[in-house]
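Engineer:
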Amino acid sequence: MQKGAIRVQTENIFPIIKKFLYSDHEIFIRELVSNAVDATQKLKTLASVGEFKGELGALEITVKLDKEKKTLTISDRGVGMTAEEVDKYINQVAFSGAEEFLTKYKGQGDGTNIIGHFGLGFYSSFMVSNEVEIITKSHKEGVAAVRWECDGSPEYTLEETTKEDRGTDIVMHINEESEEFLDEHRIQTILEKFCKFLPVPVKFGDKQINNTSPAWTKKPSELTTEDYQSFYKELYPFSEPPLFWIHLNVDYPFSLTGILYFPKINKSYEIQKDKISLYSNQVFVTDEVKDIVPEFLMLLHGVIDSPDIPLNVSRSYLQGDPNVKKISAYITRKVADKLDEIFRNDRPGFEEKWESIGLFAKYGMMTDDKFQEKGNKFLIMQDVDASKYYTLEEYKQEAAALQTNKDGNLVILYGTNPIQQDSYIQAAKNKGYKIVKMDTLVDAAFINTMESKWEKVSFTRVDADIADNLIDQNEKADSVLTQDQETKLKELFGHLPQLHVKVELKGLSAEAQPVIVTRPELMRRMKDMAAA
Ligand code: ADP
Ligand code: MG
Numbered sequence: 001m002q003k004g005a006i007r008v009q010t011e012n013i014f015p016i017i018k019k020f021l022y023s024d025h026e027i028f029i030r031e032l033v034s035n036a037v038d039a040t041q042k043l044k045t046l047a048s049v050g051e052f053k054g055e056l057g058a059l060e061i062t063v064k065l066d067k068e069k070k071t072l073t074i075s076d077r078g079v080g081m082t083a084e085e086v087d088k089y090i091n092q093v094a095f096s097g098a099e100e101f102l103t104k105y106k107g108q109g110d111g112t113n114i115i116g117h118f119g120l121g122f123y124s125s126f127m128v129s130n131e132v133e134i135i136t137k138s139h140k141e142g143v144a145a146v147r148w149e150c151d152g153s154p155e156y157t158l159e160e161t162t163k164e165d166r167g168t169d170i171v172m173h174i175n176e177e178s179e180e181f182l183d184e185h186r187i188q189t190i191l192e193k194f195c196k197f198l199p200v201p202v203k204f205g206d207k208q209i210n211n212t213s214p215a216w217t218k219k220p221s222e223l224t225t226e227d228y229q230s231f232y233k234e235l236y237p238f239s240e241p242p243l244f245w246i247h248l249n250v251d252y253p254f255s256l257t258g259i260l261y262f263p264k265i266n267k268s269y270e271i272q273k274d275k276i277s278l279y280s281n282q283v284f285v286t287d288e289v290k291d292i293v294p295e296f297l298m299l300l301h302g303v304i305d306s307p308d309i310p311l312n313v314s315r316s317y318l319q320g321d322p323n324v325k326k327i328s329a330y331i332t333r334k335v336a337d338k339l340d341e342i343f344r345n346d347r348p349g350f351e352e353k354w355e356s357i358g359l360f361a362k363y364g365m366m367t368d369d370k371f372q373e374k375g376n377k378f379l380i381m382q383d384v385d386a387s388k389y390y391t392l393e394e395y396k397q398e399a400a401a402l403q404t405n406k407d408g409n410l411v412i413l414y415g416t417n418p419i420q421q422d423s424y425i426q427a428a429k430n431k432g433y434k435i436v437k438m439d440t441l442v443d444a445a446f447i448n449t450m451e452s453k454w455e456k457v458s459f460t461r462v463d464a465d466i467a468d469n470l471i472d473q474n475e476k477a478d479s480v481l482t483q484d485q486e487t488k489l490k491e492l493f494g495h496l497p498q499l500h501v502k503v504e505l506k507g508l509s510a511e512a513q514p515v516i517v518t519r520p521e522l523m524r525r526m527k528d529m530a531a532a
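And the structure:
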């Protein structure tokens, strides 16, 4: 048997990294700015644990474009690198200095939110460059600045140089196919996309791109209603104010922060999906969160930030990832709890927002059993005449006496088109039945699903047939049933076998006392009458 280590031929691997590392070339900006952020955060950490004693000064990252030289330069005032460090972290592909730093300083100082961990990000610069230079001066005292240069072949040069300030400049000589990255507007757009909420100031020209402490990174107790609303405006400048929001904040068993906003939904066709952005340590990752957030929650807007969601991996992998599953369950629970809380603390407010919430709540109850369990308490159904809302429990209390069928099931009567069905509905209402409105997009499916999920509940639509045949609960027979009433009842049972009706009948007994009979009893009496 032979054992051995697989040898990688750099000549072969390099073009692969360059070409296929990321399908989206613009990502090199995210990678290089992230490295600059990491270098800055590392310096802050070293300062806070007393390993760096110098002046921190203004810690910012600058992005500069030189159209003549065709260069794009990203500079930071972070830790910098010594010649040995360049050799270790840059010349060794896939050796991550970020990982190493994290292992060493985990839980120490502040600012240990390091972004990198694959040790490949830097090389994405070669996707768009003929040549890349690193000019860097370490924060360590008495160490010379160095210049590293590479044209994308596995050969590099490394030499001493002069650099006044601590930190690193990455100079990319943009290649011909990538000239789009010499366009100011394009760079501005990319920076705004990926860097908008990075924790270290990023400047392009005179303008600072980012808000370094976005609301989701703060404690809920530090934030006012206005703070949440203005952050929403920052995310979606043209949207109406949100209805409410949920601040997510969990450390264990995974780490996740974020704010999810519930948008105002005026009309169901206005629903905008894909309005949740995924961040990792404040770096934008993607707008496509459908594998992380359950589908019914895709109507929410906002930001989730988790360093625990694996990036740069395939979708199918994401779906199977245990952290992703836990995150999805956590978000679902938080949303259900929030709805429950509003329902309990502010029922009028909840009812007012139901038009927006309802669609989403019903969808959630249909697709997620845990959500349904909680939803059973706060789901409300509006009376067809819009006078009030019932929870399932309240409906049961008010309607059970009249609307329980022979199997003991509660029958929820509903109207799908209250205007068209007005006369039937009025007729049924006048007879004392409780009818709810079920006229939104999801209702047909919701009814279907809930009939199988809710025990001992069935739904019946009020239409012409049913309305005519519903027994008037106010109607009191004076003496024995008239022929007419008898036919009516028979018809009713024919049409609506599941309805079990209680009717008050007078004069069936010698004492002529009003009695309440149940269906079997009524049937027996009717048979008796027929026999007599
Ligand atoms: P990762 O960030 O995943 O570790 P990269 O390929 O992006 O991998 O970077 C490799 C290493 O190079 C980093 O971990 C860091 O040690 C070093 N490095 C890259 N850019 C900088 C910089 N601007 N300042 C200091 N060190 C840097
Ligand atoms: Mg990196």
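In terms of full-length UniProt numbering, the sequence shown has 348 at position 348, counting the first letter as 1, and numbering is strictly consecutive. Yeah, the Cβ is synthetic: ideal placement off N, Cα and C, and Gly gets one too.
1) Within this structure, are the beta carbons of residue 128 and residue 174 separated by less than 8 Å?
2) Quick check: residue 235 and residue 245, are their CB atoms within less than 8 Å of each other?
3) Looking only at its own chain, which residues have a Cβ that is under 8 Å from the Cβ of residue 187, when we skip the five neighbours before and after it?
4) Shortest alpha-carbon distance to residue 536 belongs to which of 409, 377, 384?
5) When you compare only the Cα positions, how much space is there between residue 328 and residue 123?
6) With a threshold of 8 Å, are at least 3 pairs of Cβ atoms found where one atom belongs to the stretch 32-46 and the other to the stretch 162-171?
7) Going by DSSP, what residue range makes up the alpha helix (DSSP H) through residue 259?
8) Taking a contact to mean a Cβ-Cβ separation below 8 Å, would you say residue 414 touches residue 442 in this structure?
9) Out of 33, 418, 322, which one is the CA nearest neighbour of residue 193?
10) Mind the definition here: the stretch 363-382 touches the stretch 342-352 only if three or more C-beta pairs lie below 8 Å; say whether that holds.
11) Considering only their Cβ atoms, is the gap separating residue 392 from residue 400 smaller than 8 Å?
12) Out of 296, 322, 371, 348, which one is the CA nearest neighbour of residue 333?
13) What residue range does the alpha helix (DSSP H) around residue 129 cover?
14) Thinking just about the alpha-carbon of each residue, which of 293, 356, 138 is nearest to the one in residue 367?
15) For residue 186, which of helix, strand or coil comes out of DSSP?
16) Starting from the N-terminal side, write out each stretch of the beta strand (DSSP E) that is 3 residues or longer and does not extend beyond the stretch 216-262.
17) Which parts of the stretch 338-408 are runs of the beta strand (DSSP E), unbroken and 3 residues or longer, counting only runs that do not cross its ends?
18) Let me check understanding here. Comparing Cα to Cα, which of 455, 451, 424 lies closest to residue 462?
19) Near residue 7, what residues of its chain come up, given a Cβ to Cβ distance below 6 Å and the 5 sequence neighbours on each side ignored?
20) Just list the residues that DSSP pairs residue 284 with in beta bridges.
21) Residue 412 by DSSP, collapsed to three states: which one?
22) Can you give me the Cβ contacts of residue 212 inside the same chain, cut-off strictly under 8 Å, excluding the 5 residues immediately before and after it?
23) Would the beta-carbon of residue 157 fall within 8 Å of that of residue 145?
24) Compute every distance between the C-beta of residue 284 and the non-hydrogen atoms of the ligand MG, then say whether any falls below 7 Å.
Structural biologist: Judging by the given coordinates:
1) Residue 128 sits at position 128 when you count from the first residue of the sequence shown. Residue 174 sits at position 174 when you count from the first residue of the sequence shown. Result yes, Cβ atoms of residue 128 and residue 174 sit closer than 8 Å.
2) To locate residue 235, count along the sequence shown from 1; it is residue 235. To locate residue 245, count along the sequence shown from 1; it is residue 245. No, the Cβ-Cβ distance between residue 235 and residue 245 is not below 8 Å.
3) The residue labelled residue 187 in the question sits at position 187 within the sequence shown. The answer, listed in chain order, is 29, 63, 65, 72, 181, 204.
4) The shown model of the chain, from 1 to 532, leaves out residue 536, and the question about it has no answer.
5) Locating residue 328 in the sequence shown gives position 328, counting from the first residue. Locating residue 123 in the sequence shown gives position 123, counting from the first residue. A direct Cα-to-Cα measurement between residue 328 and residue 123 gives close to 33 Å.
6) A contact between stretches requires three or more CB pairs, one per stretch, nearer than 8 Å, and the stretch 32-46 meets this requirement with the stretch 162-171.
7) Reading the sequence shown from its first residue, position 259 is the one you call residue 259. Run containing residue 259: none in the alpha helix (DSSP H); it sits in the beta strand (DSSP E), 256-262.
8) Locating residue 414 in the sequence shown gives position 414, counting from the first residue. Locating residue 442 in the sequence shown gives position 442, counting from the first residue. Result no, Cβ atoms of residue 414 and residue 442 do not sit closer than 8 Å.
9) Position 193 of the sequence shown, counting from 1, holds the residue named residue 193. The residue from 33, 418, 322 with its alpha-carbon nearest to that of residue 193 is 33.
10) Touching, per the Cβ criterion.
11) In the sequence shown, residue 400 corresponds to position 400, counting from 1. In the sequence shown, residue 392 corresponds to position 392, counting from 1. A distance of 8 Å or more separates the beta carbons of residue 400 and residue 392.
12) As a first step, residue 333 must be located in the sequence shown, where it is residue number 333. Looking only at 296, 322, 371, 348, the smallest Cα-Cα distance to residue 333 is reached by 371.
13) Translated into positions along the sequence shown, residue 129 becomes position 129. Counting along the chain, residue 129 falls outside any alpha helix (DSSP H), though it belongs to the beta strand (DSSP E) covering 129-137.
14) By one-based count along the sequence shown, residue 367 stands at place 367. For residue 367, the nearest C-alpha among the options comes from 293.
15) Position 186 of the sequence shown holds residue 186. DSSP places residue 186 in helix when its eight states are reduced to three.
16) When DSSP assignments are scanned along the stretch 216-262, the uninterrupted stretches of beta strand (DSSP E) that are 3 or more residues long and fall wholly within it turn out to be 244-250, 256-262.
17) Runs found: 380-382, 389-391.
18) Within the sequence shown, residue 462 is the residue found at index 462, counting from 1. The option with the nearest alpha carbon to residue 462 is 424.
19) For this step, residue 7 is matched to residue 7 along the sequence shown. Excluding sequence neighbours, residue 7 sits near nothing in its chain.
20) Within the sequence shown, numbered from 1, the residue matching residue 284 stands at position 284. Looking at the DSSP output, residue 284 sits in a beta bridge with 279.
21) Here residue 412 corresponds to residue number 412 of the sequence shown, with the count starting at 1. DSSP places residue 412 in strand when its eight states are reduced to three.
22) The residue you call residue 212 lines up with position 212 of the sequence shown. Once the five neighbours on either side are set aside, the close Cβ partners of residue 212 are 197, 198, 199, 200, 201.
23) The sequence position of residue 157 within the sequence shown is 157, counting from 1. The sequence position of residue 145 within the sequence shown is 145, counting from 1. Not a contact, by the Cβ cut-off of 8 Å.
24) As a first step, residue 284 must be located in the sequence shown, where it is residue number 284. Within the chosen limit of 7 Å, the ligand MG does not reach the beta carbon of residue 284 with any heavy atom.
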